[in-house]
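The structure appears below as structure tokens.
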Amino acid sequence: MELNDFALPIFAFLDGSEHQQPSITAGRSIILHVPSHTIIEVVDMDDVLEMNLTPEVITFDFVYHNSSGMKENHKMIVHYTTLTEIKLKDIFLEGAKWYSDYLTWEDDNIFNEED
1 MELNDFALPI FAFLDGSEHQ QPSITAGRSI ILHVPSHTII EVVDMDDVLE MNLTPEVITF
61 DFVYHNSSGM KENHKMIVHY TTLTEIKLKD IFLEGAKWYS DYLTWEDDNI FNEED
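full-length UniProt numbering applies: residue 1 is where the sequence shown begins, and numbers increase by one.
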């Protein structure tokens with residue numbers, strides 16, 4: 001396989017190093033907005049009992065309507081960015097769409113396994 005195109009996607013998952021234990025990123029959804037170098041964690045709020053964030057942490061809430069028609073509440077948490085909160089608005093909207101598309105893809109995989 002030739003690698004002639006070194007283009008990067010707009011969003012990508014960050015995967016931790018499983019060879020380093022304990023893996024602090026295991027089971028977490030951390031994405032990178034490549035153009036802005038913004039690192040965002042997506043948390044399924046229906047699975048969280050308590051979250052302690054300091055007031056200066058930038059977050060964004062969105063709802064994903066899963067393939068069964070149920071609403072899933074999610075929160076994006078910014079770990080790192082060079083942008084202002086106002087400039088992050090479009091990234092949050094794009095990221096919520098990108099992540100929702102990923103969840104729909106995962107739902108489809110689960111339903112196809114059950115057949």
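For glycine and all other residues, C-beta sits at the position ideal for the given N, C-alpha and C. Being a predicted model, the structure only gives us computed values, none of them experimental.
CB contact flag (residue i, residue j, <7 Å)
i           : j          : result
residue 41  : residue 24 : no
residue 73  : residue 45 : yes
residue 105 : residue 11 : no
residue 94  : residue 58 : no
Residue of the options minimising C-alpha distance to residue i
i          : options           : result
residue 68 : 15, 8, 98 and 110 : 110
residue 75 : 61, 84 and 32     : 61
residue 47 : 27, 57, 85 and 18 : 27
Beta-bridge partners of residue i, as assigned by DSSP
i           : result
residue 53  : According to DSSP, residue 53 bridges with nothing at all.
residue 112 : For residue 112, which the question treats as bridged, DSSP gives no partner whatsoever.
residue 10  : According to DSSP, which records beta bridges pairwise, residue 10 is partnered with nothing at all.
residue 32  : 12 and 39
Residue i in three-state terms, based on DSSP
i          : result
residue 25 : coil
residue 48 : coil
residue 61 : strand
residue 72 : strand
Neighbourhood of residue i by C-beta distance below 8 Å, restricted to the same chain and skipping five residues each side
i          : result
residue 38 : 32, 78, 80, 81, 82, 83, 88 and 91
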